[in-house]
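**Student:**
Protein chains: 2
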Amino acid sequence: MKPGSHISEVLTPQPVIDEDVMAANISRVQGYFDSIGRKFRPHIKTHKIPALAWAQVEAGAVGINCQKLSEAEVFAEAGFEDILITFNLIGDERLERLRALNERCRLSVVADNVVVVEGLAAAFGGKRRLTVLVECETGMRRNGVLTPGAAVDLARAIVGAEGLRFGGLMTYPTPHSEERIEEFYSETMRLLEAEGIACPVRTVGGTPSLFAAEKIKSATEHRAGTYIYNDRAMVRAGHCGLEDCAMHILAMVVSVPEKGRFVLDVGSKGLTSDLSGFADYGVILEYPEARIVKLSEEHGVVELDGDGPGPSVGERVRIVPNHTCVVSNLFDSMVFHRGGVVTRVEKVAARGRVW
Amino acid sequence: MKPGSHISEVLTPQPVIDEDVMAANISRVQGYFDSIGRKFRPHIKTHKIPALAWAQVEAGAVGINCQKLSEAEVFAEAGFEDILITFNLIGDERLERLRALNERCRLSVVADNVVVVEGLAAAFGGKRRLTVLVECETGMRRNGVLTPGAAVDLARAIVGAEGLRFGGLMTYPTPHSEERIEEFYSETMRLLEAEGIACPVRTVGGTPSLFAAEKIKSATEHRAGTYIYNDRAMVRAGHCGLEDCAMHILAMVVSVPEKGRFVLDVGSKGLTSDLSGFADYGVILEYPEARIVKLSEEHGVVELDGDGPGPSVGERVRIVPNHTCVVSNLFDSMVFHRGGVVTRVEKVAARGRVW
Numbered sequence: 004m005k006p007g008s009h010i011s012e013v014l015t016p017q018p019v020i021d022e023d024v025m026a027a028n029i030s031r032v033q034g035y036f037d038s039i040g041r042k043f044r045p046h047i048k049t050h051k052i053p054a055l056a057w058a059q060v061e062a063g064a065v066g067i068n069c070q071k072l073s074e075a076e077v078f079a080e081a082g083f084e085d086i087l088i089t090f091n092l093i094g095d096e097r098l099e100r101l102r103a104l105n106e107r108c109r110l111s112v113v114a115d116n117v118v119v120v121e122g123l124a125a126a127f128g129g130k131r132r133l134t135v136l137v138e139c140e141t142g143m144r145r146n147g148v149l150t151p152g153a154a155v156d157l158a159r160a161i162v163g164a165e166g167l168r169f170g171g172l173m174t175y176p177t178p179h180s181e182e183r184i185e186e187f188y189s190e191t192m193r194l195l196e197a198e199g200i201a202c203p204v205r206t207v208g209g210t211p212s213l214f215a216a217e218k219i220k221s222a223t224e225h226r227a228g229t230y231i232y233n234d235r236a237m238v239r240a241g242h243c244g245l246e247d248c249a250m251h252i253l254a255m256v257v258s259v260p261e262k263g264r265f266v267l268d269v270g271s272k273g274l275t276s277d278l279s280g281f282a283d284y285g286v287i288l289e290y291p292e293a294r295i296v297k298l299s300e301e302h303g304v305v306e307l308d309g310d311g312p313g314p315s316v317g318e319r320v321r322i323v324p325n326h327t328c329v330v331s332n333l334f335d336s337m338v339f340h341r342g343g344v345v346t347r348v349e350k351v352a353a354r355g356r357v358w
Numbered sequence: 004m005k006p007g008s009h010i011s012e013v014l015t016p017q018p019v020i021d022e023d024v025m026a027a028n029i030s031r032v033q034g035y036f037d038s039i040g041r042k043f044r045p046h047i048k049t050h051k052i053p054a055l056a057w058a059q060v061e062a063g064a065v066g067i068n069c070q071k072l073s074e075a076e077v078f079a080e081a082g083f084e085d086i087l088i089t090f091n092l093i094g095d096e097r098l099e100r101l102r103a104l105n106e107r108c109r110l111s112v113v114a115d116n117v118v119v120v121e122g123l124a125a126a127f128g129g130k131r132r133l134t135v136l137v138e139c140e141t142g143m144r145r146n147g148v149l150t151p152g153a154a155v156d157l158a159r160a161i162v163g164a165e166g167l168r169f170g171g172l173m174t175y176p177t178p179h180s181e182e183r184i185e186e187f188y189s190e191t192m193r194l195l196e197a198e199g200i201a202c203p204v205r206t207v208g209g210t211p212s213l214f215a216a217e218k219i220k221s222a223t224e225h226r227a228g229t230y231i232y233n234d235r236a237m238v239r240a241g242h243c244g245l246e247d248c249a250m251h252i253l254a255m256v257v258s259v260p261e262k263g264r265f266v267l268d269v270g271s272k273g274l275t276s277d278l279s280g281f282a283d284y285g286v287i288l289e290y291p292e293a294r295i296v297k298l299s300e301e302h303g304v305v306e307l308d309g310d311g312p313g314p315s316v317g318e319r320v321r322i323v324p325n326h327t328c329v330v331s332n333l334f335d336s337m338v339f340h341r342g343g344v345v346t347r348v349e350k351v352a353a354r355g356r357v358w
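Protein sequence lines correspond, in order, to chains A and B.
Going by my numbering, the first residue of the first sequence is number 4, and it counts up by one from there.
Going by my numbering, the first residue of the second sequence is number 4, and it counts up by one from there.
In structure tokens, the structure reads:
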């Protein structure tokens with residue numbers, strides 16, 4: 004697919020990204036954080052494409068957020084200098100790679116337990132110091148220390164380790180938990196101050212209630228990924244409108260077996276099975292009343308009530324997926340366009356980097 | 004990961020395949036079809052690895068089944084000579100590639116509507132004939148003509164097209180629909196015979212009720228994919244036991260935030276969100292009572308009741324996924340082992356080939 008060709012010629016199924024919508028998403032979110040005087044660090048998990056992260060940094064982001072070490076390696080290789088990995092890193096091979104990575108960029112990682120801190124401490128003794136933030140649980144029930152007291156205990160262990168530097172606090176919250184985060188962070192900061200432990204970074208994450216970030220007075224930084232493309236779940240969360248969704252999955256109607264049912268050439272190997280709380284697998288822009296009720300690996304079965312004519316075999320449609328980040332991870336390359344004209348094709352460089 | 008190393012050194016998360024279990028799965032299923040005198044055609048969607056398809060063909064399979072043209076191209080390039088693509092193929096670029104593919108192997112495709120047949124007819128006029136089967140609906144409510152009469156209408160259109168050859172009938176059924184398939188196929192064959200149309204191939208698919216295939220007297224061939232690895236859904240279907248699941252996803256416990264909850268380093272980008280009708284995302288062999296209740300992209304949140312000690316941070320576990328075919332499609336390479344010792348690493352050559 005060459006620049007200048009039209010997306011109507013792109014082989015289906017294929018996600019395509021509207022350049023203008025994406026640029027507006029980057030600008031809108033960076034503008035918000037600039038306006039409240041807060042640092043912003045985009046999460047690259049959504050796109051996994053260095054060129055897009057450069058656009059985010061050029062707009063004003065302080066650095067990038069990766070979820071896995073192997074993602075961070077791809078982005079360090081592409082020249083990024085400020086990387087936060089928000090995942091507990093464990094194991095000799097991984098720690099050896101982490102040491103190499105720490106020599107080539109400003110790197111921070113997180114920990115929510117002593118096993119992780121002890122592993123990092125053992126690996127970084129006598130090496131260039133590694134910055135470690137403490138991950139805090141603020142409602143997500145995933146990783147994170149449960150109380151401010153536990154956060155301070157872990158901070159103390161980090162401060163006490165020769166090769167480590169305590170960087171501050173990190174959380175990935177559920178939406179609309181601004182008050183809870185503020186409470187957790189401010190109490191932890193009070194306890195740390197009483198022990199004379201500096202806590203320079205307090206980073207918070209997530210796209211859904213991003214525009215309420217100013218309520219978290221103690222935060223210094225926000226991280227978000229999905230906002231660059233947006234998706235159906237972000238529309239439901241009130242973060243954006245359907246017109247702000249930059250990713251459309253192009254698909255083709257391959258069968259209309261009977262009235263009220265048609266079949267698309269995209270299934271769970273293109274849309275993923277992420278329901279994200281919805282009852283079906285995405286919004287078909289041309290048939291907003293239709294429901295993608297069942298996915299096989301390569302088929303999407305759609306039901307459409309009513310007396311309208313419905314689509315014909317061979318017709319192409321655009322789907323806004325429930326969850327854009329997992330779709331990115333299925334495709335080796337991403338097609339970008341402006342007004343339907345292809346502008347570029349980018350390799351999804353960190354696709355499949357889960358280690 | 005080199006042959007001879009141990010899978011306990013494989014970086015998590017990573018699916019690994021037990022060679023002996025896989026070989027037994029291949030042998031058991033091929034043996035069954037040999038015993039009932041029926042051709043067997045493995046579906047490569049499950050593994051997407053040519054070396055595995057060779058093992059299936061060497062065991063006695065008549066050829067292979069692909070779901071998408073781009074998968075078939077990968078396997079034709081690897082030297083496979085008998086390929087059935089069970090998907091409606093539409094569009095000029097695709098049909099041009101299909102013509103090229105038809106020159107280099109014994110190729111069959113399917114159609115369930117006249118638009119597809121007309122497209123194929125236009126593309127193959129004056130070329131080496133393409134074999135086309137009619138896809139029939141037998142309960143799956145996906146693709147397929149709804150009645151034997153409609154199947155005959157479409158067969159007639161195929162017979163009437165200069166560049167096409169009518170190959171027979173194809174269905175992908177729901178499990179335990181042997182009677183319905185037999186009824187559909189035998190009635191269609193009666194109608195075709197009355198018109199003097201030969202119907203050499205009657206192919207049926209699916210792993211779950213595969214061992215009941217002998218009930219479909221009219222069938223000449225069976226297609227199945229999942230049986231080579233098996234998964235939690237196949238155990239529930241009664242096709243196999245948990246010990247027959249050749250794929251285990253190796254994962255690591257990265258956090259134990261509180262009693263009763265721990266977190267794995269594998270999420271929806273490793274296990275996929277396929278629930279396949281289950282309430283959680285896989286079976287942890289070391290903790291069979293545990294429930295993988297929530298997946299983020301890179302985290303698997305597990306709940307485990309009871310007074311037992313539960314796992315420690317850094318502990319490695321093995322997960323039998325709900326659905327193995329979608330897991331294969333997330334990883335660039337697959338690690339094989341015998342008794343824990345790595346035997347080979349295979350590139351998942353057709354990963355991401357959805358076009």
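Don't be surprised by glycine CBs; every beta carbon is placed ideally from N, CA and C.
The structure displayed is predicted, hence computed values, not measured ones.
Flag Ile-287 (chain A) as yes if its beta-carbon sits less than 7 Å from any beta-carbon of chain B, otherwise no.
**Tutor:** On the first sequence, residue 287 (chain A) is found 284 positions in, with the first residue counted as 1. So no, Ile-287 (chain A) is outside the interface.
**Student:** Does the distance from the C-beta atom of Glu-84 (chain B) to that of Arg-109 (chain B) stay below 7 Å?
**Tutor:** Your numbering for residue 84 (chain B) matches position 81 in the second sequence. Your numbering for residue 109 (chain B) matches position 106 in the second sequence. Their beta carbons are under 7 Å apart, which means Glu-84 (chain B) touches Arg-109 (chain B) by this criterion.
**Student:** Which whole-angstrom value describes the C-beta separation of Ala-236 (chain A) and Gly-303 (chain A), a residue pair presumed to lie in contact below a C-beta threshold of 8 Å?
**Tutor:** By one-based count along the first sequence, residue 236 (chain A) stands at place 233. By one-based count along the first sequence, residue 303 (chain A) stands at place 300. With 8 Å as the limit, Ala-236 (chain A) and Gly-303 (chain A) do not qualify as a contact, their Cβ atoms being about 18 Å apart.
**Student:** Please report the distance separating the alpha-carbon of Thr-229 (chain A) from that of Leu-104 (chain A).
**Tutor:** The count along the first sequence starts at 1 and reaches residue 229 (chain A) at position 226. The count along the first sequence starts at 1 and reaches residue 104 (chain A) at position 101. Looking at the two C-alpha atoms, the distance is approximately 26 Å.
**Student:** In chain B, what lies closer than 8 Å to Lys-48 (chain A) by C-beta?
**Tutor:** The count along the first sequence starts at 1 and reaches residue 48 (chain A) at position 45. Chain B residues near Lys-48 (chain A): Glu-300, Glu-301.
**Student:** Using a Cβ distance threshold of 8 Å, determine whether the region 319-327 of chain B contacts the region 271-285 of chain B, with at least three qualifying pairs required.
**Tutor:** A contact exists between the region 319-327 of chain B and the region 271-285 of chain B.
**Student:** Answer yes if the region 238-249 of chain B comes into contact with the region 186-205 of chain B, meaning at least three C-beta pairs across the two stretches below 8 Å, and no otherwise.
**Tutor:** In short, these stretches do not touch, since the Cβ pair count stays below three.
**Student:** Below 8 Å on the Cβ atoms is my contact criterion, and I expect Ala-164 (chain A) with Ala-124 (chain A) to pass it. Report the Cβ-Cβ distance as a whole number of Å.
**Tutor:** Along the first sequence, one-based indexing puts residue 164 (chain A) at 161. Along the first sequence, one-based indexing puts residue 124 (chain A) at 121. Sure, about 4 Å apart at Cβ, within 8 Å.
**Student:** In or out: His-9 (chain A) buried (at least 16 other Cβ within 10 Å) or exposed?
**Tutor:** By one-based count along the first sequence, residue 9 (chain A) stands at place 6. Exposed is the call here.
**Student:** Classify Pro-360 (chain B) as buried or exposed, calling it buried when 16 or more other Cβ atoms lie within 10 Å of its own Cβ.
**Tutor:** Here chain B comprises residues numbered 4 to 358, so residue 360 (chain B) is not present and cannot be evaluated.
**Student:** Mark Arg-132 (chain A) as exposed unless 16 or more other C-beta atoms lie within 10 angstroms of its C-beta, in which case mark it buried.
**Tutor:** The residue you call residue 132 (chain A) lines up with position 129 of the first sequence. Exposed, because fewer than 16 other Cβ atoms sit within 10 Å of the Cβ of Arg-132 (chain A).
**Student:** Could you list which residues in chain A have their beta carbon closer than 7 Å to that of Gly-317 (chain B), in chain order?
**Tutor:** Reading the second sequence from its first residue, position 314 is the one you call residue 317 (chain B). Ile-93, Val-118, listed in chain order.
**Student:** When the Cα atoms are used, what is the spatial distance from Arg-341 (chain B) to Asp-21 (chain B)?
**Tutor:** The residue given as residue 341 (chain B) occupies position 338 in the second sequence. The residue given as residue 21 (chain B) occupies position 18 in the second sequence. For Arg-341 (chain B) and Asp-21 (chain B), the distance between alpha carbons rounds to 6 Å.
**Student:** Candidates A:Arg-239, A:Met-192, A:Ala-249: which alpha carbon is nearest Thr-223 (chain A)'s?
**Tutor:** Within the first sequence, numbered from 1, the residue matching residue 223 (chain A) stands at position 220. Nearest C-alpha to Thr-223 (chain A): A:Met-192.
**Student:** Going by Cα to Cα distance, which pick from A:Gly-171, A:Ile-52, A:Pro-178 is closest to Ser-189 (chain A)?
**Tutor:** Along the first sequence, one-based indexing puts residue 189 (chain A) at 186. The option with the nearest alpha carbon to Ser-189 (chain A) is A:Gly-171.
**Student:** Start and end of the beta strand (DSSP E) containing Ala-254 (chain A)?
**Tutor:** Here residue 254 (chain A) refers to the residue found at position 251 of the first sequence. From DSSP, the beta strand (DSSP E) with Ala-254 (chain A) extends over 250-261.
**Student:** Quick check: is the beta carbon of Gly-355 (chain A) nearer than 7 Å to any beta carbon in chain B?
**Tutor:** Position 352 of the first sequence, counted from the start, is the residue given in the question as residue 355 (chain A). With 7 Å as the cut-off, Gly-355 (chain A) counts as an interface residue toward chain B.
**Student:** Could you check where the alpha helix (DSSP H) with Ile-161 (chain A) kicks off and where it finishes?
**Tutor:** Reading the first sequence from its first residue, position 158 is the one you call residue 161 (chain A). Start and end: 151-162.
**Student:** Quick check: is the beta carbon of Lys-5 (chain A) nearer than 7 Å to any beta carbon in chain B?
**Tutor:** Here residue 5 (chain A) corresponds to residue number 2 of the first sequence, with the count starting at 1. It does not; no Cβ of chain B falls within 7 Å.
**Student:** Look at the alpha carbon of Gly-313 (chain B) and the alpha carbon of Leu-288 (chain B), and state the distance between them as a whole number of angstroms.
**Tutor:** Stepping through the second sequence from its first residue, residue 313 (chain B) is reached at position 310. Stepping through the second sequence from its first residue, residue 288 (chain B) is reached at position 285. Their Cα atoms are separated by approximately 13 Å.
**Student:** To which residues of the same chain is Val-13 (chain B) closer than 7 Å at the C-beta, ignoring the five residues directly before and after it?
**Tutor:** Position 10 of the second sequence, counted from the start, is the residue given in the question as residue 13 (chain B). Closer than 7 Å at Cβ, skipping near neighbours: Met-4, Val-19, Leu-253, Val-338.
**Student:** Can you find a CB in chain B that lies within less than 7 Å of the CB of Asn-332 (chain A)?
**Tutor:** Locating residue 332 (chain A) in the first sequence gives position 329, where the first residue counts as 1. Yes, Asn-332 (chain A) lies at the interface with chain B (some Cβ there is under 7 Å from its Cβ).
**Student:** For Ile-10 (chain A), does the three-state DSSP call read helix, strand or coil?
**Tutor:** As a working mapping, residue 10 (chain A) is identified with position 7 in the first sequence. Reduced to three states, the DSSP call for Ile-10 (chain A) is helix.
**Student:** Could you pull out every residue in the same chain whose Cβ sits closer than 6 Å to the Cβ of Ala-216 (chain A), ignoring the five residues on either side in sequence?
**Tutor:** Counting from one through the first sequence, the residue named residue 216 (chain A) turns up at place 213. Here the set comprises His-225.
**Student:** On the CB-based measure, 16 or more other CB atoms within 10 Å of its CB, does Gly-209 (chain A) come out buried or exposed?
**Tutor:** Walking along the first sequence from the start, residue 209 (chain A) turns up at place 206. That one is buried.
**Student:** Nearest chain A C-beta to Ser-258 (chain B) closer than 7 Å, yes or no?
**Tutor:** Numbered from its first residue, the second sequence carries residue 258 (chain B) at position 255. With 7 Å as the cut-off, Ser-258 (chain B) counts as an interface residue toward chain A.
**Student:** Output, in sequence order along the chain, the residues in the region 67-93 of chain B whose CB is closer than 8 Å to any CB in chain A.
**Tutor:** So the close ones are Gln-70, Lys-71, Phe-90, Asn-91, Ile-93.
**Student:** Can you find the residues in the same chain that come closer than 8 Å, C-beta to C-beta, to Val-357 (chain B), ignoring five residues on each side of it along the sequence?
**Tutor:** Here residue 357 (chain B) refers to the residue found at position 354 of the second sequence. Taken in chain order, the residues that qualify are Lys-71, Ser-73.
**Student:** Can you look up Pro-360 (chain B) in the DSSP assignment and give me helix, strand or coil?
**Tutor:** Outside the modelled stretch of chain B, which goes from 4 to 358, sits residue 360 (chain B), for which no answer is possible.
**Student:** Which of helix, strand or coil does DSSP assign to Val-77 (chain A)?
**Tutor:** What you label residue 77 (chain A) is simply residue 74 of the first sequence in a count that begins at 1. Val-77 (chain A): helix per DSSP, three-state reduction.
**Student:** Give a yes or no on whether 7 Å exceeds the smallest Cβ distance from Lys-42 (chain B) to chain A.
**Tutor:** If you number the second sequence from 1, residue 42 (chain B) lands on position 39. So no, Lys-42 (chain B) is outside the interface.
**Student:** Taking only three categories from DSSP, how would you classify Ile-184 (chain B)?
**Tutor:** Counted from its first residue, the second sequence places residue 184 (chain B) at position 181. In the structure shown, Ile-184 (chain B) sits in a helix (DSSP, three-state: H, G or I).
**Student:** Along chain A, in chain order, which residues have C-beta atoms closer than 8 Å to that of Val-304 (chain B)?
**Tutor:** Counting from one through the second sequence, the residue named residue 304 (chain B) turns up at place 301. In chain order: Arg-144, Arg-145.
**Student:** Can you give me the Cβ contacts of Leu-157 (chain A) inside the same chain, cut-off strictly under 8 Å, excluding the 5 residues immediately before and after it?
**Tutor:** What you label residue 157 (chain A) is simply residue 154 of the first sequence in a count that begins at 1. Excluding sequence neighbours, Leu-157 (chain A) sits near Ala-114, Asp-115, Asn-116, Val-117, Val-120, Val-137, Val-148.
**Student:** Quick check: the Cα distance between Pro-211 (chain B) and Thr-177 (chain B), rounded to an integer number of angstroms?
**Tutor:** In the second sequence, the residue the question calls residue 211 (chain B) occupies position 208. In the second sequence, the residue the question calls residue 177 (chain B) occupies position 174. Cα to Cα, Pro-211 (chain B) sits roughly 9 Å from Thr-177 (chain B).
**Student:** Please go through the same chain and pick out, in chain order, the residues whose beta-carbon is closer than 7 Å to the beta-carbon of Pro-6 (chain A), but skip the five residues on each side of it.
**Tutor:** On the first sequence, residue 6 (chain A) is found 3 positions in, with the first residue counted as 1. Cβ neighbours of Pro-6 (chain A) beyond the five flanking positions: Val-345, Thr-346, Arg-347.
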